[in-house]
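When the sequence shown is numbered by my numbering, its final residue is 192 and no position is left out of the sequence of numbers.
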Amino acid sequence: MAAAAATTRMEIDKMSVEQLRGLKEQVDLEVNLLQDSLNNIRSATTRLELASTALNDLSLRPKGNKTMAQGKDYCERKIALLKSNYDQLLEVAAKKKSIADEAGAVLQAKLKLSAPAQ
Numbered sequence: 075m076a077a078a079a080a081t082t083r084m085e086i087d088k089m090s091v092e093q094l095r096g097l098k099e100q101v102d103l104e105v106n107l108l109q110d111s112l113n114n115i116r117s118a119t120t121r122l123e124l125a126s127t128a129l130n131d132l133s134l135r136p137k138g139n140k141t142m143a144q145g146k147d148y149c150e151r152k153i154a155l156l157k158s159n160y161d162q163l164l165e166v167a168a169k170k171k172s173i174a175d176e177a178g179a180v181l182q183a184k185l186k187l188s189a190p191a192q
């Protein structure tokens with residue numbers, strides 16, 4: 075992991091100012107899209123948790139049957155899947171944010187170095 079970060083840093087250091095700007099814009103866009111996906115997953119998880127609770131309440135009634143239990147099981151599996159996806163997306167978003175921050179820092183440093191020359 076540290077070796078990959080060092081390799082990424084070396085690649086970023088070699089980029090031109092225009093390439094860094096493009097990279098930063100692209101990664102910032104990806105981070106925003108990932109944040110939207112995280113919000114959608116969080117919302118879907120909440121809706122499924124509410125549905126699971128409702129199904130559980132219905133299955134406890136005297137007329138409850140196996141279908142309700144199956145529906146509750148389905149919701150619980152979907153909730154677990156969404157939470158897993160959420161955790162994975164959160165990790166990817168953090169990595170992308172780190173790359174964007176690094177590209178921004180290198181870009182700023184290069185702009186400062188080129189400013190006195192102009």
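Even glycine gets a Cβ: it sits at the ideal position worked out from N, Cα and C.
- For LEU97, the CB contacts under 7 Å within the same chain, skipping 5 residues up- and downstream, are MET89 and ALA177 in chain order.
- For ARG95, the CB contacts under 7 Å within the same chain, skipping 5 residues up- and downstream, are LEU181 in chain order.
- Shortest Cα-Cα distance from LEU108 to any of ALA179, GLN144 and ASN159 involves ASN159.
- Remark: C-beta atoms of LYS184 and VAL101 do not approach each other more closely than 9 Å.
- Secondary structure of ALA118 (DSSP, three-state): helix.
- Residue ALA125 holds the alpha-carbon nearest to the alpha-carbon of TYR148 among ALA189, ALA125 and ALA174.
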